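**Student:** First the structure, then my questions, so here it is.
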Amino acid sequence: MSESSAEILTAPYRLKYSYKRTTGPVIGRFLTDLRDGKITGVRRPDGAVMVPPREYDPETGEALSEFVSLPDTGVVTGWTWVAEPRQLHAMSTPFAFATIQLDGAHTGMLHRVVAPDESVMRSGMRVRARWAAERVGMITDIECFVPEESA
Amino acid sequence: MAELCAVIGVGQTKHAAIRGDVSIPGLLREAAFRALEDAGITFADIDAVILGTAPDQFEGIMMPELFLADALGAVGKPILRVHTAGSVGGSTANVAASYIESGLYDRVLTLAFEKQSESNAMWALSPKYPFQPPITSGAGGYFAPLIRAYMRASGAPDHIGCKVAYKDRVHALKNPYAHLHIEDISIEKVKASPMLWEPVRYLESCPSSDGCAALVLAREEVADRHSGPKAWVWATEMRSEPMQFAGRNQVLPQAGSDCAKSLYKKAGITNPQAEIDVAEIYVPFSWFEPMWLENLHLCEPGEGWKLTDNDETTFGGRLPVNPSGGVLSTNPIGASGMIRYAEGALQVRGMAGDRQVDGAKVALGHAYGGGSQFFSMWIVGSDKPS
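Taken in sequence, the protein lines are chains A and B.
Oh and the first sequence: position 149 is 149 in this note's numbering, straight run, nothing missing.
Just so we're on the same page, this note's numbering is the position in the second sequence counted from 1, plus 151.
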């Protein structure tokens, strides 16, 4: 077939819909408290505290409603360093994605740690939340965590 | 020999335009707990969960069954999502019944849901495909010409649609779970409502609802030990056909007709007009009541509108249709088919409250979807099938 005999037509097909999410009484409480500068978890029947909270027990399906206030300090349990942030990383300087177990919590929470450089990072290091100046009820109301000694 | 299947629990949410008080998992649990409570059991007694909802782009959640597993007590148990467009509420229950009939499971929880307030169903149904002129806007735009074709072929007078719309909204006033409770409904009010897609007026159209329905199904031996009333599944059936092909009868689709005939045969029903006591039929736009009565062989061809006109489809009539208020009063799309099935089950269990049809022993549940191309149906009875 010669190149000129068949032009296969293509066209862009862009789907764009707007959605809305109702957070419910548990995730909703967590987000509202973040807006107020507080971190709230939920206690499971065995006493373990989950943060971010879950609406239903992940094993038994039981509805969870015992809220627990937590400090904004904790321990890094795992991390990965982002040496060259890209545009969509929302931070222009190097940082670490990290799992942070807040003091009094039994689960890790994914967030980011801002440290002077990678050599500072280690599992077991203590961190403290740095709160955003303007809070709206999103996980980004915690701007990042920073090493506790530098906080 | 397949196991017999019975409905031992029915639950549904209070349906509303916006259920802002609950998350999507919270919405499902409301229906699930009501069904479990009705059956007198807990999540621990459930062997498998079968879930249905409309296309993913409605809520924008891929594989919702995985995200919902822990809220539904399904950790470590089989969970399956069924997907057949607007008929999904019916076909989901059909699949769940097949799990029981297989003999593999004692009790299955089946649910269907939609949270339309978090989605954009109208435009999700009408994407702008390249190289095709955009000719429809939502389901109403698609179905209006089919209604016109029915009116012309049957000679039905113009007021039939308004009559159905009025009747189903009056029925809804008896149903505490219905979304629409229009206390001052009247034929005049329906006629005076804005024309949306000629000949379909605003009040001849279904609302957009948040809602969920749930059923607990059990196999015969388990159901027999259950003390409460049961709805025995006499037969389930599904059929589908392409949206477009030469010579297609879009008004009275062959798939719907074939599905009904096969359903009645499986159920041992030889005269559906005489043997079915109550029908919950998927009527999202008023005129679909007479259209589906004909497609379902519940009247003679061309006569569907006369049943409506002669008040045969309300309480005291020959065949009460949608005593719950139907899809015209509650439309969480993915759930709507299962609500039809659930309401039929409540009728034959004698548990339909103010909307109970006296002496209902045999009920038809019906759902359709796509461009009148996917059909799901079941027959349930107070007694075991003979």
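We treat Cβ as the ideally placed atom computed from N, Cα and C, and that holds for glycine.
It should be emphasised that the depicted structure is a prediction, and the values quoted were computed from it without experimental measurement.
#1: Go ahead and label Lys279(B) buried or exposed: buried means 16 or more other beta carbons lie within 10 angstroms of its beta carbon, across all protein chains shown.
#2: Which residues, in chain order, does the segment 205-224 of chain B contribute to contact with chain E at a C-beta distance below 8 Å?
#3: Put Ala96(A) into one of helix, strand or coil per three-state DSSP.
#4: Indicate the three-state DSSP secondary structure (helix, strand or coil) for Gln524(B) in the structure shown.
#5: Since Val499(B) and Ser487(B) should fall inside the 8 Å C-beta cutoff, what is the C-beta to C-beta distance between them, to a whole number of angstroms?
#6: Using a Cβ-Cβ cut-off of less than 9 Å, list which residues of the segment 13-27 of chain A approach chain B; keep chain order.
#7: Kindly indicate if chain B contains any beta-carbon less than 8 Å away from that of Gly41(A).
#8: At which residues does the alpha helix (DSSP H) containing Trp443(B) begin and terminate?
#9: Within the 8 Å Cβ cut-off, does Glu55(A) reach chain B?
#10: Mind checking whether the beta-carbon of Val233(B) lies closer than 7 Å to any heavy atom of the ligand ATP?
#11: Beta-carbon separation of Leu368(B) and Ser356(B) under 8 Å?
#12: Can you give me the start and stop residues for the beta strand (DSSP E) that Thr261(B) sits inside?
#13: Looking only at C-alpha atoms, which of Val472(B), Gly476(B), Thr193(B), Gly522(B) sits nearest to Ala511(B)?
#14: Quick one: what's got a C-beta closer than 6 Å to Tyr301(B)'s C-beta in the same chain, skipping five residues either side?
#15: Any beta-carbon of chain A closer than 8 Å to the one on Ala186(B)?
#16: Output the distance between the C-alpha atoms of Ser65(A) and Met213(B), rounded to the nearest integer angstrom.
#17: Within 8 Å of any Cβ in chain A, is that where the Cβ of Pro441(B) sits?
#18: Opposite Val113(A) in the DSSP bridges: which residues?
#19: Run through the segment 18-55 of chain A for me and flag every whole alpha helix (DSSP H) of 4 or more residues, listed as ranges in chain order.
#20: Using 8 Å as the Cβ pair cut-off and three pairs as the minimum, do the segment 222-234 of chain B and the segment 330-346 of chain B touch?
#21: I need the straight-line Cα distance from Gln208(B) to Lys20(A), nearest angstrom please.
#22: In angstroms, rounded to a whole number, what distance separates the CA positions of Met91(A) and Pro296(B)?
#23: With DSSP collapsed to three states, give me the class of Asp462(B).
#24: Contact between the segment 169-182 of chain B and the segment 99-108 of chain A is defined here as three or more beta-carbon pairs at a separation below 8 Å; is this criterion met?
#25: What are the start and end residues of the alpha helix (DSSP H) that includes Leu70(A)?
#26: Inspect the CB distances between the segment 515-530 of chain B and the segment 403-412 of chain B and report whether three or more fall short of 8 Å.
#27: Short check: CB of Val42(A) to CB of Arg54(A), under 8 Å?
#28: Is it buried or exposed for Gly306(B), if we count other Cβ within 10 angstroms and need 16 for buried?
#29: For the segment 58-74 of chain A, enumerate the residues whose C-beta is nearer than 7 Å to any C-beta of chain B, in chain order.
#30: With a 10 Å radius around its C-beta and 16 neighbouring C-beta atoms as the bar for buried, classify Gln395(B) as buried or exposed.
#31: If distances are taken between C-alpha atoms only, which option among Trp529(B), Ser533(B), Gly520(B) comes closest to Thr235(B)?
#32: Name the residue from Ser359(B), Ser413(B), Leu515(B), Arg180(B) whose alpha carbon lies nearest to the alpha carbon of Ala272(B).
#33: Going along the chain, which residues of its own chain have a beta-carbon closer than 7 Å to the beta-carbon of Ala182(B), five neighbours each way excluded?
#34: Using a Cβ cut-off of 8 Å (strictly closer), state whether Pro278(B) contacts chain A.
#35: With DSSP collapsed to three states, give me the class of Gly306(B).
#36: With DSSP as the reference, label Cys450(B) as helix, strand or coil.
**Tutor:** For this structure:
#1: Here residue 279(B) refers to the residue found at position 128 when the second sequence is read from its first residue. Residue environment analysis places Lys279(B) among the exposed positions, since fewer than 16 neighbouring C-beta atoms fall within 10 angstroms of its C-beta.
#2: The structure shown has no chain E; the protein chains it does contain are A and B.
#3: Here the question's residue 96(A) lines up with position 96 in the first sequence. Correct three-state label for Ala96(A): strand.
#4: If you number the second sequence from 1, residue 524(B) lands on position 373. In the structure shown, Gln524(B) sits in coil (DSSP, three-state: anything other than H, G, I, E or B).
#5: The residue you call residue 499(B) lines up with position 348 of the second sequence. The residue you call residue 487(B) lines up with position 336 of the second sequence. The C-beta distance from Val499(B) to Ser487(B) rounds to 20 Å, too long to fall under 8 Å, and the pair is not in contact.
#6: Tyr13, Arg14, Leu15, Tyr17, Ser18, Tyr19, Lys20, Arg21, Thr22, Thr23, Gly24, Pro25, Val26, Ile27
#7: Translated into positions along the first sequence, residue 41(A) becomes position 41. Judged by the 8 Å Cβ criterion, Gly41(A) is not in contact with chain B.
#8: Reading the second sequence from its first residue, position 292 is the one you call residue 443(B). Its alpha helix (DSSP H) spans residues 439-446.
#9: Taking the first residue of the first sequence as 1, we reach residue 55(A) at position 55. Yes - at least one Cβ of chain B is within 8 Å of the one on Glu55(A).
#10: As far as ligands go, the structure on display features none, and thus does not contain the ligand ATP.
#11: In the second sequence, residue 368(B) corresponds to position 217, counting from 1. In the second sequence, residue 356(B) corresponds to position 205, counting from 1. Taking 8 Å as the Cβ cut-off, Leu368(B) and Ser356(B) do not qualify as a contacting pair.
#12: On the second sequence, position 110 is the one that residue 261(B) refers to. It spans 258-266 - the beta strand (DSSP E) in which Thr261(B) sits, taken as one unbroken run.
#13: Locating residue 511(B) in the second sequence gives position 360, where the first residue counts as 1. Nearest of Val472(B), Gly476(B), Thr193(B), Gly522(B) to Ala511(B), Cα basis: Val472(B).
#14: Taking the second sequence and counting its residues from 1, the one referred to as residue 301(B) is at position 150. Only Val402, Met442 meet the Cβ criterion.
#15: In the second sequence, residue 186(B) corresponds to position 35, counting from 1. No, its Cβ sits nowhere closer than 8 Å to a Cβ of chain A.
#16: If you number the first sequence from 1, residue 65(A) lands on position 65. If you number the second sequence from 1, residue 213(B) lands on position 62. Looking at the two C-alpha atoms, the distance is approximately 28 Å.
#17: Your numbering for residue 441(B) matches position 290 in the second sequence. Taking Cβ atoms only, chain A never reaches closer than 8 Å to Pro441(B), which makes this a no.
#18: By 1-based counting over the first sequence, the position of residue 113(A) is 113. Val113(A) pairs with Ala96(A), Phe145(A).
#19: Here the runs fully enclosed are 24-35.
#20: no
#21: For the purposes of this step, residue 208(B) is taken as residue 57 along the second sequence, with counting starting at 1. For the purposes of this step, residue 20(A) is taken as residue 20 along the first sequence, with counting starting at 1. Their backbone Cα atoms lie some 12 Å apart in a straight line.
#22: By one-based count along the first sequence, residue 91(A) stands at place 91. By one-based count along the second sequence, residue 296(B) stands at place 145. For Met91(A) and Pro296(B), the distance between alpha carbons rounds to 54 Å.
#23: Here the question's residue 462(B) lines up with position 311 in the second sequence. For Asp462(B), the secondary structure class from DSSP, reduced to helix, strand or coil, is coil.
#24: The segment 169-182 of chain B vs the segment 99-108 of chain A: no contact.
#25: For this step, residue 70(A) is matched to residue 70 along the first sequence. Unbroken run through Leu70(A) is the beta strand (DSSP E), 67-70; no alpha helix (DSSP H).
#26: yes
#27: Translated into the one-based positions of the first sequence, residue 42(A) becomes position 42. Translated into the one-based positions of the first sequence, residue 54(A) becomes position 54. Yes, Cβ-Cβ distance for Val42(A) and Arg54(A) is below 8 Å.
#28: Here the question's residue 306(B) lines up with position 155 in the second sequence. Its Cβ having fewer than 16 others within 10 Å, Gly306(B) is exposed.
#29: Pro58, Glu59, Gly61
#30: Here residue 395(B) refers to the residue found at position 244 of the second sequence. Burial call: exposed.
#31: Indexing the second sequence from 1 puts residue 235(B) at position 84. Looking at the Cα atoms, Gly520(B) is the closest of the given residues.
#32: Position 121 of the second sequence, counted from the start, is the residue given in the question as residue 272(B). Closest by alpha carbon: Ser359(B).
#33: Start at 1 with the first residue of the second sequence, and residue 182(B) comes out as number 31. Excluding sequence neighbours, Ala182(B) sits near Gly162, Gln163, Thr164, Leu262, Cys363, Ala364, Ala365.
#34: Taking the second sequence and counting its residues from 1, one reaches residue 278(B) at position 127. It does; some Cβ of chain A falls within 8 Å.
#35: What you label residue 306(B) is simply residue 155 of the second sequence in a count that begins at 1. Reduced to three states, the DSSP call for Gly306(B) is coil.
#36: Taking the second sequence and counting its residues from 1, one reaches residue 450(B) at position 299. Cys450(B) falls in the coil class under three-state DSSP.
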